[in-house]
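In this note's numbering, the protein residues as written are 191 to 532.
The beta carbon of each residue, even a glycine, is placed where N, CA and C say it ideally should be.
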Amino acid sequence: MAGSGGLAGGAGGSQGTAGGPGTALRASRAPLLFAALVLGAYCLCALPGRCPPAGRVPAPAPARAEPPRASRSPREPGLPVASGSGRRRFPQALIVGVKKGGTRALLEFLRLHPDIRALGSEPHFFDRCYERGLAWYRSLMPRTLDGQITLEKTPSYFVTREAPRRIHSMSPATKLIVVVRNPVTRAISDYAQTLSKTPGLPSFGALAFRRGLGPVDTAWSAVRIGLYAQHLDNWLRYFPLSRFLFVSGERLVSDPAGELGRVQDFLGLKRVVTDKHFYFNATKGFPCLKKAQGSGRPRCLGKSKGRPHPRVPESVVQRLQAFYRPFNRKFYQMTGQDFGWD
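Below you can see the structure in the form of structure tokens.
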């Protein structure tokens, strides 16, 4: 802002004037410009991650092609795979949601299992990078041996309307994991993350309700993500309920071994990750992994996880709880699970 003022002052000096209507007009526009910058920064922070570099796509091996596999879906194209130890496969399982539900914790816990190979970053293929093609997507995957499962997570898939159809086109046998959390606390956590990157945002209540006092603003992504029943309804047009596992974000904190046991069962794996792998970190407020043999320290998620939430008035929390209640109950009916948010 100071630099802009200096440039404006220099231009005025060259004309021999030091004030006038132009100065007053610029001053009146300053608050509007600041508000536009803040909201623009917020929108950028709310966007999903970018595609990984396209240069990572390997060139097809000219000498030999991969033989067909009996387990391959008829829909899966015969794509060339780079030679080496193991093969790059399409994921047999995806963590598709939800943002700020506990997906990163679940992924890191699952990576302890020797029969799971997971992509660490979020490729955003089925929401932002689909035009790059399945060959590009497959090239990002870690190599796996026979019997190992390839896994990736991108939480924004759950709220992307096109994602179910695109994933079904890749493989209708894909297993889908959804980590859900009380939509009110999830929304506040979402807001806290954005606020840490964009200080100066309006209050949580001002964004959650139209004009601060009106009805709930479902156009705000922090609110819209929590309409789990609506999003699931879109997925059930392509996948049966049996292809889903719904993980409780709250129980992932209170009983990580129990939730991990359910996930390992769902994936058809032996229960290798158990309670012996976890301890509760009171400072962060969630479970961490005990240090592995030969390691110098335990493994906890980074400082961006477990950040304190901003104070939100109880009246705002209650209004949102009342708003979400019918959606929550429908979600319980659809999944056959009561998550205890009401």
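Looking only at Leu297, Pro304, Leu457 and Arg376, the smallest Cα-Cα distance to proline 500 is reached by Arg376. Taking each of Ala295, Phe529 and Phe316 in turn and checking the Cα distance to alanine 419, the smallest one comes out for Phe529. The region 508-519 and the region 360-380 touch, with no fewer than 3 CB-CB distances between them shorter than 8 Å.
The region 322-339 and the region 405-418 do not touch, with fewer than 3 CB-CB distances between them shorter than 8 Å.
For arginine 433, there is no enclosing alpha helix (DSSP H), as DSSP marks it with neither H nor E. When the beta-carbon positions are compared, histidine 314 and leucine 459 stay at least 8 Å from each other. Here alanine 363 carries a coil assignment [DSSP, helix/strand/coil]. DSSP, reduced to helix, strand and coil, places asparagine 518 within a helical segment of the structure shown.
Between alanine 398 and leucine 510, the C-beta gap is smaller than 8 Å, which places the two residues in contact. When secondary structure is reduced to three states using DSSP, isoleucine 285 falls in the strand class. Threonine 334 has Arg277 as its beta-bridge partners, per DSSP.
The beta-carbon distance between leucine 297 and lysine 343, rounded to whole angstroms, is 5 Å. This is short enough to meet the 8 Å contact definition. Around the beta carbon of glutamate 312, 16 or more other beta carbons sit within 10 angstroms, so the residue counts as buried. For proline 389, no beta strand (DSSP E) encloses it, and the DSSP letter there is neither H nor E. For threonine 334, same chain residues with a beta-carbon under 7 Å away, outside a window of 5 residues either side, are Gly276, Arg277, Arg279, Arg307 and Thr340 in chain order. With at least 16 other beta carbons inside 10 angstroms of its own, proline 477 counts as buried. Per DSSP, reduced to three states, the secondary structure at valine 368 is strand. Taking C-beta separations shorter than 7 Å and ignoring five residues to either side along the sequence, the partners of phenylalanine 434 in its chain run Leu366 and Val368, following chain order. Here DSSP, grouped into helix, strand and coil, assigns lysine 480 to coil.
DSSP places leucine 341 in the strand class (E or B) of the three-state scheme. Residue burial is scored here from C-beta neighbours: lysine 289 has at least 16 other C-beta atoms within 10 angstroms and is therefore classed as buried. In this structure, glycine 287 keeps its C-beta atom at 8 Å or more from the C-beta atom of proline 332.
Assigned with DSSP and collapsed to three states, phenylalanine 399 falls in strand.
In this structure, the CA atom of asparagine 471 is about 15 Å from the CA atom of glycine 292. Arginine 307 carries a strand assignment under DSSP once its states are collapsed to helix, strand and coil.
Taking 8 Å as the cut-off, the Cβ atoms of phenylalanine 316 and tyrosine 347 count as close.
For phenylalanine 456, the enclosing alpha helix (DSSP H) covers residues 446-456. Looking at the DSSP output, asparagine 471 sits in a beta bridge with Phe476. Between tryptophan 425 and proline 354, the beta carbon gap of about 5 Å places them in contact (Cβ cut-off 8 Å). About 6 Å separates the beta carbon of valine 437 from that of valine 453, a gap short enough to meet the 8 Å contact definition. As a beta-bridge residue in DSSP terms, valine 406 pairs with Phe399. Taking C-beta atoms as the reference points, arginine 322 and cysteine 241 count as a pair closer than 8 Å. Contact between tyrosine 327 and arginine 356 does not hold, since their C-beta atoms are separated by about 10 Å, which reaches or exceeds 8 Å.
Annotation for alanine 447: Thr464, Asp465 and Phe468 place their beta carbon closer than 7 Å to its own, counting only its chain and skipping 5 residues before and after.
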